[in-house]
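In mature numbering (1 follows the signal peptide of the UniProt record, and there is no 0), the protein residues as written are -21 to -1, 1 to 232.
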């Protein structure tokens, strides 16, 4: 922008110089034609001055044209340069903008890809974590089931052992009771047999003694009376002896 302003100012100055030179040439020619009379030295001087003025005017005019051409060329060159620079700057800006947009696009793509990859990794990690957690839960559940099964097996075994032990004890008690009952029966049978044997062994001796005593005491009595007395005495004596023997056997009074 600064170069463009400088070029415009330069062109204006050069154009003004050209116009000034043309005006000087016209004025010089006019003055020479008006003030100098024809003929003589003055006329020659006037012609010389006129020619000089005309030459100066042409020179100035030519200089003005040259300056104008130079100004136009300089302006065109400056404008072209500025345009070229502007074009290059615009192109560069466009390229920079394009690269910036492309970079932003690439960055956005990379960011999106990175986010996608991160999301995929997070999803995969979450999935893996869920699978591992599920596997751990299943393993823990299987371990618990195994422990429960072992406890149940141990409980069944313990219960079976306790039942077998209890049944063995019951059977042992039953056997002892049966044995005691058998022994009791045998003891009672033996006791009865022994008592009966002792009773049977004791009856003839008591009967003889009683009869002997009665017979001795009643010698003059009749036969029938003697028999009745002996029978009654014998029965009474046997009954008393039997009762006394049973009391002594069982320890009762």
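All residues carry an ideal CB built from backbone N, CA and C; glycine is no exception.
Straight-line gap, residue 119 to residue 129 (C-alpha atoms, nearest Å)
For residue 119 and residue 129, the distance between alpha carbons rounds to 15 Å.
Considering only residues of the same chain and omitting the five flanking positions on each side of residue 201, which have a CB-CB separation below 6 Å?
For residue 201, the pLDDT reaches just 47, beneath the cut-off of 50, and the residue's location in the model is therefore unreliable, leaving the point undetermined.
Measuring straight from C-alpha to C-alpha, what distance separates residue 106 and residue 97?
Their backbone Cα atoms lie some 14 Å apart in a straight line.
Rounded separation between residue 101 and residue 122 - CA only
Cα to Cα, residue 101 sits roughly 30 Å from residue 122.
Does residue 7 pass the burial test, meaning 16 or more other C-beta atoms within 10 Å, or should it be called exposed?
For residue 7, the predicted structure reports a pLDDT of 46, less than 50, and the residue's modelled location is therefore unreliable. A value from the coordinates is still provided. When all chains shown are included, residue 7 counts as buried.
Which ranges would you report for the beta strand (DSSP E) in the stretch 80 to 111 if only whole runs of at least 3 residues count?
Runs found: none.
Cα-Cα separation between residue 151 and residue 158, rounded to whole angstroms
Each residue's Cα considered, the two are about 10 Å apart.
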